[in-house]
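Student: Taken in order, these protein sequences are the chains called A and B. When we follow the numbering used here, the leftmost residue of the first sequence carries the number 1, and every step to the right adds one. When we follow the numbering used here, the leftmost residue of the second sequence carries the number 1, and every step to the right adds one. Cβ coordinates follow ideal geometry from the N, Cα and C atoms, glycine included.
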Amino acid sequence: MLTSIGEIIDRTRADGVPVWQVVLTEEVEDTEQPETAILERLNERLATMRSAVERGLSSDAPSVSGLLGGGAHRFETWRHSEASVVGPFVGQVIARAQATMEVNARMGTIVATPTAGSSGILPAVLFTAADELGFTADELVRGLLTAAGVGQVIVARASVSGAAGGCQAETGSAAAMAAAALTELRGGDPESVSHAVAFTLQGMLGLVCDPVAGLVEVPCLTRNVSGAVQAVTGSELALAGLHFPIPADEVIDVMGEIGNQLDEKYRETARGGLAATPTGQRLATSVRWDGPGFENTNAARARDLAREAGISSDG
Amino acid sequence: MSVFDIIGPRMVGPSSSHTAGALRLGLLARALLGRTPERAAIGLHGSFATTYQGHGTDRAVVAGLLGMAPDDPRIPDSLSVADQEGLEVSFEPVDLGAAAHPNTLRFDITAGEDNVSLVGASVGGGAIEVSQVNDRAVDLSGRFDTLLIQARDVPGTTATITQRLAATDINIAFLEVGREKRGREAMMIIQTDHAIPDSIVDEIEEYEWVISTRRLSKVTD
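Now the structure itself:
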C-alpha cells in the first residue's frame, strides 16, 4: 500500500522507473494479478469514462432534480465562438468536467475518480491531453495509474470523502490526481509530479462540501470545473520548473487536518455554506419531494421521477 | 487499497458514498440474510439522514438488497423492482452516537422466520466499513470473501475449520472468534484471500457443532 508521495519518488529513483510503474508494481504485489489483467481492466474503465464525457457533451437532458442539464453542451458551443478567450486546451477541460458530472447527476454510468462527486476532473484533463497532445489509450492508462498512486496516498494520509473532509477531500484530491497524471504524461519527472500535486492541492485547501438540497449537483459540478482548471495550472507550474516549498505529503496531511476541523455543517450535510443560503434553501424546497412522510419511500415516486427525467433511457 | 478503489467503482451516479457504498452495504446485508428480504427497515444516521433521497441512497440501498451491482442500470428504478419482488422497505432517521461515521446505515431485514441486522458506514469513494452484525461488534470492509460461522462453543472448532480451509489452499487474511458466554454459542468470522467454494461451505455445515454459516462475497472491485 502506497502511503507517501516521498516514498513513491524514492522508489522511482531506486528502480529507475516512472511513477506509474511504481503504482503498477505495487498493485501486482498487492493483488497477485498479472500486469496485463490490471492494464486491461483500467482500459475498460477508461472507455466508460470516455463514454460518459461524450454523452454529457451531446445531451441536454436534465438531472433528476432538474437543477442541472445542458451546461456542458452549451459551453462547448461557446468555447468555439470568437468571444471565448480561454483557448482550446482549458476550454475543453471546462466543457468535459461538466459533461461527466451531468451524466452522474442523472444517474448515468460513470467511474468514480476517486468519488462520483469529483468524477468530472480526471477524465476532463486526460481526454483533453489525448485529443490536444496526441496521447494513446495505453498512455492514458499509465496516467490512470499515476493518478491512482496519488489517490492511494491521500486515502492513507487524509480522506477522499466529502462527508469526512469537505470538498477539498473530493475535488481537491481529484485535481491533485489529475495534475500528477498530466505532468507525468507530458514528460515531467517524479519530482515535478510531486510539485504538481502540491501546487494543485494547496489551491483547494479549506474548500467546504455544501451541496444545495443535498444533491451532487450545485456547486459540485462547477467545483469540478474549478478543480480541473486548477489541475492544469498546477501541472503547468510544475513543468515550468517551479517548486512549491511545502512537500506534497505535508500538503495532503494538512488537508486531512483541516477536514477534521471542519464543522459538520460543511461536510456534506447540506446544512451550511451555499446549501444554507436563502436561495440554496429555496431551491432545496423546490426540488425536495415532500410526499407522505420520511419513513416511507414509495415506488410511485421513483417511477414518476424516472419518467420525468427520462433517466431509465440513460444507460 | 487497490488502484480500482481510486479509479472506480464503475457505477451509476450520483454519489460514490451515498450511492455505490450504500449499495454495497445493502449487498452485504442481503448476503447475511442469505436471500432477498421481504421486509427491510433502514436506519439513516448523520449525513445519510438529511440527504438520502437527493443522492439516490434509498434506491441504491434497495438495489443492494435486491442483489444489483453498483453499475446495474436498473438502480434508478430499484424501488419499483422491490415492489415487483415483494420487498417492503421503510427508511427512518436514527442517532447511532457521535462516534458513528456520518454516513452510517442500520439494516434490520427479514425473510420468513429469519431476521438479521447490520450496521455499516460508507466511508468515501464507495469503500465501506461494517461495524456490527446481529448487534455484535465486527470489523469488515467487504474487501475479502468472508465466512461467518455460528457454532456451539466446544473445543477444537477453530482448528477443524482452519485446517479444512488450509487443505484446499484457501489463505485466511483475518480470523476472529468470539462468544457470548462460555459453553454456549461462538461466532467465527473468517476473511479469506480466495473465494470459498460451495462444496467447502456445505462440508462445514455438516459438522454437528455448526449452527449456521453465511458467506459474504467481497463487494469491492
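1) Name the chain B residues whose beta carbon is nearer than 7 angstroms to that of PRO114/A?
2) At a CB-CB cut-off below 8 angstroms, which residues of chain B make contact with ALA23/A?
3) How big is the Cα-Cα spacing for ASP215/B and LEU175/B?
4) Give the DSSP-derived three-state secondary structure of GLU129/B in the structure shown.
5) Please list the partners that ASP131/A has in chain B, where partner means a Cβ-to-Cβ separation under 9 angstroms.
6) Counting pairs of beta carbons, one from the segment 262-280 of chain A and one from the segment 208-216 of chain A, are three or more of them closer than 8 angstroms?
7) If you pair each beta-carbon of the segment 59-78 of chain B with each one of the segment 16-23 of chain B, do three or more pairs fall below 8 angstroms?
8) Tell me whether the beta-carbon of ARG267/A lies closer than 8 angstroms to the beta-carbon of GLY117/A.
9) With contact counted as at least three CB pairs below 8 angstroms, one residue from each stretch, are the segment 6-14 of chain B and the segment 93-109 of chain A in contact?
10) How about ALA178/A and ALA228/A: do their beta carbons lie closer than 8 angstroms?
11) Taking all protein chains shown into account, decide if GLN261/A is buried (16 or more other Cβ within 10 angstroms of its Cβ) or exposed.
12) For SER90/B, report the span of its beta strand (DSSP E) as first-last.
13) Starting from the C-beta of GLY71/A, find all residues in its chain whose C-beta is less than 6 angstroms away, skip the five residues before and the five after it, and write them out in chain order.
14) Please compile the residues from chain B whose C-beta is within a distance smaller than 7 angstroms of the C-beta of ASN104/A.
15) Going by Cα to Cα distance, which pick from LEU25/B, GLU38/B and THR50/B is closest to ASN115/B?
16) Out of ILE154/A, THR279/A, SER192/A and PHE244/A, point me to the one whose CA is closest to LEU2/A's CA.
17) Which two residues bound the contiguous alpha helix (DSSP H) that contains GLU185/B?
18) When you compare the CB of SER17/B with every CB in chain A, is at least one pair closer than 8 angstroms?
19) Do we get a CB-CB distance below 8 angstroms when we pair ASP71/B with the residues of chain A?
20) Does SER47/B come within less than 8 angstroms of chain A when only Cβ atoms are used?
21) For a cutoff of 8 angstroms on Cβ pairs, would you count THR50/B as touching chain E?
22) Is the Cβ of VAL197/A closer than 8 angstroms to any Cβ of chain B?
23) Measuring only between beta-carbons, confirm whether ASP30/A sits less than 8 angstroms from chain B.
24) According to a CB-to-CB cut-off of less than 7 angstroms, which residues of the segment 18-32 of chain B neighbour chain A?
25) Measure from the alpha carbon of ARG223/A to the alpha carbon of each residue in GLU236/A, VAL19/A, GLY172/A and VAL232/A, then state which is nearest.
26) Can you tell me which of PHE91/B, THR36/B and ILE170/B puts its alpha carbon nearest to the alpha carbon of PRO197/B?
27) Beta carbons nearer than 7 angstroms to chain A: which residues of the segment 34-45 of chain B have them?
28) I want to know whether the segment 184-194 of chain A touches the segment 64-80 of chain A - three or more CB-CB distances under 8 angstroms.
29) Would you grab the beta carbon distance between ILE252/A and ALA163/A for me? Rounded to a whole angstrom, and I think it's under 8 angstroms.
30) State the DSSP-derived secondary structure class of ASP253/A, mapped to helix, strand or coil.
31) Using a Cβ-Cβ cut-off of 6 angstroms (strictly less than) and excluding sequence neighbours within five positions of ASP147/B, which residues of its own chain qualify?
32) To the nearest angstrom, report how far apart PHE89/A and LEU46/A are at their CA atoms.
33) Are the beta-carbon atoms belonging to ILE9/A and GLU191/A less than 8 angstroms from one another?
34) Note down, one range per segment and in chain order, each beta strand (DSSP E) of at least 3 residues found wholly within the segment 135-199 of chain B.
35) Mapping the DSSP letters down to three states, classify VAL64/A as helix, strand or coil.
36) Taking the CB atoms as reference points, tell me whether VAL193/A and VAL53/A lie closer together than 8 angstroms.
Tutor: Taking the definition as stated:
1) Residue numbering aside, residue 114/A sits at position 114 when the first sequence is read from its first letter. In chain order: ILE6 and GLY125.
2) Taking the first sequence and counting its residues from 1, the one referred to as residue 23/A is at position 23. A small correction: the amino acid at residue 23/A is Val; Ala does not occupy that position in the sequence shown. Under the 8 angstroms cutoff, chain B gives VAL3.
3) Locating residue 215/B in the second sequence gives position 215, counting from the first residue. Locating residue 175/B in the second sequence gives position 175, counting from the first residue. Before going further, note that residue 215/B is Arg rather than Asp in the sequence given. Distance between the alpha carbons of ARG215/B and LEU175/B: 14 angstroms.
4) As a working note, residue 129/B is residue 129 in the second sequence. Here GLU129/B sits in strand by DSSP.
5) To locate residue 131/A, count along the first sequence from 1; it is residue 131. Within 9 angstroms Cβ-Cβ: nothing; ASP131/A doesn't reach chain B, min ~20 angstroms.
6) yes
7) Counting Cβ pairs under 8 angstroms, three or more are found: they touch.
8) To locate residue 267/A, count along the first sequence from 1; it is residue 267. To locate residue 117/A, count along the first sequence from 1; it is residue 117. For ARG267/A and GLY117/A, no; Cβs fall outside 8 angstroms.
9) yes
10) As a working mapping, residue 178/A is identified with position 178 in the first sequence. As a working mapping, residue 228/A is identified with position 228 in the first sequence. Closer than 8 angstroms, so yes.
11) The residue given as residue 261/A occupies position 261 in the first sequence. With fewer than 16 other Cβ atoms within 10 Å, it is exposed.
12) Position 90 of the second sequence holds residue 90/B. Note, SER90/B: beta strand (DSSP E), 88-93.
13) Looking up residue 71/A in the first sequence gives position 71. Closer than 6 angstroms at Cβ, skipping near neighbours: GLN98.
14) Residue numbering aside, residue 104/A sits at position 104 when the first sequence is read from its first letter. Here the neighbours are GLY13 and PRO14.
15) Position 115 of the second sequence, counting from 1, holds the residue named residue 115/B. Nearest neighbour of ASN115/B by Cα position, chosen from LEU25/B, GLU38/B and THR50/B, turns out to be GLU38/B.
16) Here residue 2/A refers to the residue found at position 2 when the first sequence is read from its first residue. Among ILE154/A, THR279/A, SER192/A and PHE244/A, the Cα nearest to that of LEU2/A is on ILE154/A.
17) As a working note, residue 185/B is residue 185 in the second sequence. Per DSSP, GLU185/B lies in no alpha helix (DSSP H) segment; the continuous beta strand (DSSP E) that holds it begins and ends at 185-192.
18) One-based indexing of the second sequence puts residue 17/B at position 17. Yes, contact with chain A.
19) Reading the second sequence from its first residue, position 71 is the one you call residue 71/B. Yes, because at least one Cβ of chain A sits closer than 8 angstroms to the Cβ of ASP71/B.
20) As a working mapping, residue 47/B is identified with position 47 in the second sequence. Cβ-Cβ to chain A under 8 angstroms: yes for SER47/B.
21) Absence of chain E from the displayed structure is noted, the protein chains being A and B.
22) As a first step, residue 197/A must be located in the first sequence, where it is residue number 197. No - not a single Cβ of chain B is within 8 angstroms of the one on VAL197/A.
23) If you number the first sequence from 1, residue 30/A lands on position 30. So yes, ASP30/A belongs to the interface.
24) Listed by position, the residues of the segment 18-32 of chain B near chain A (Cβ gap below 7 angstroms) are THR19 and ALA20.
25) In the first sequence, the residue the question calls residue 223/A occupies position 223. When GLU236/A, VAL19/A, GLY172/A and VAL232/A are compared, the shortest CA-CA separation from ARG223/A is found for GLY172/A.
26) One-based indexing of the second sequence puts residue 197/B at position 197. When only C-alpha atoms are compared, the closest one is ILE170/B.
27) none
28) By the Cβ test, the segment 184-194 of chain A is not in contact with the segment 64-80 of chain A, since fewer than three Cβ pairs between them sit closer than 8 angstroms.
29) Locating residue 252/A in the first sequence gives position 252, where the first residue counts as 1. Locating residue 163/A in the first sequence gives position 163, where the first residue counts as 1. That pair is no contact at about 18 angstroms.
30) Position 253 of the first sequence, counting from 1, holds the residue named residue 253/A. ASP253/A falls in the helix class under three-state DSSP.
31) For the purposes of this step, residue 147/B is identified with residue 147 of the second sequence, where counting begins at 1. The sequence given here places Leu at residue 147/B; Asp does not occur at that position. If we look at LEU147/B and ignore the five residues flanking it on each side, its Cβ neighbours are ILE190, ILE196 and ARG215.
32) Mapped onto the first sequence, residue 89/A falls at position 89. Mapped onto the first sequence, residue 46/A falls at position 46. Roughly 20 angstroms separates the two Cα atoms.
33) Here the question's residue 9/A lines up with position 9 in the first sequence. Here the question's residue 191/A lines up with position 191 in the first sequence. Yes, these two residues count as a Cβ contact at 8 angstroms.
34) 136-140, 145-152, 172-179 and 185-192
35) In the first sequence, the residue the question calls residue 64/A occupies position 64. VAL64/A carries a coil assignment under DSSP once its states are collapsed to helix, strand and coil.
36) Taking the first residue of the first sequence as 1, we reach residue 193/A at position 193. Taking the first residue of the first sequence as 1, we reach residue 53/A at position 53. Their beta carbons are not under 8 angstroms apart, which means VAL193/A does not touch VAL53/A by this criterion.
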